[in-house]
Amino acid sequence: KLEGLKTIAVTTNGINLTRLLPRLKEAGLNAINISLDTLVPAKFEFIVRRKGTNLSSKATVLVLAGICLPSLQVNCVVMRGFNEDEVLDFVDFTKDLPVDVRFIEYMPFDGKYCCFEILLGQK
């Protein structure tokens, strides 16, 4: 541990988290940001670009909540035509868990091109 360092955090999609978590905690990990843009398994596989992902996105959040790290956040990028219909599902799923859910804005840039058609903003 480094003197004066208060927080060691990681941002992850959770794919390898259960395998790596013991070593990360041993190294001083005390905060996790999990990127979770959907609660639908097929959409989750699409996002992480891996078929046959045997780690349910819901289970990841439950495992993390169960180990009681001091800080656990779920970051959900809300995208038009993809997951905007899941916002209330996220709220319902996490309302009784010790996690903070942040609905964050999609960054509308893909290389040199903007992707405004999926940007879900305030009307």
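First residue of the sequence shown? That's 1 in full-length UniProt numbering, and the numbers climb one at a time after it.
Glycine included, every Cβ here is placed at the ideal spot set by N, Cα and C.
Item                                                                                                                          : Value
Just confirm the distance between the C-beta atoms of T7 and A31, as a whole number of angstroms; I'd bet it's less than 8 Å. : 5 Å
Measuring alpha carbon to alpha carbon, tell me which residue in D85, G28, K51, K25 is nearest D37.                           : D85
When you compare the CB positions of V77 and I34, do they come within less than 8 Å of one another, or not?                   : no
I need the straight-line Cα distance from I47 to Y106, nearest angstrom please.                                               : 14 Å
By the DSSP assignment, the alpha helix (DSSP H) with L20 in it spans what residues?                                          : 17-26
Do you know offhand how far F82's Cα is from E45's?                                                                           : 13 Å
Would you identify the three-state DSSP class for D37, choosing helix, strand or coil?                                        : coil
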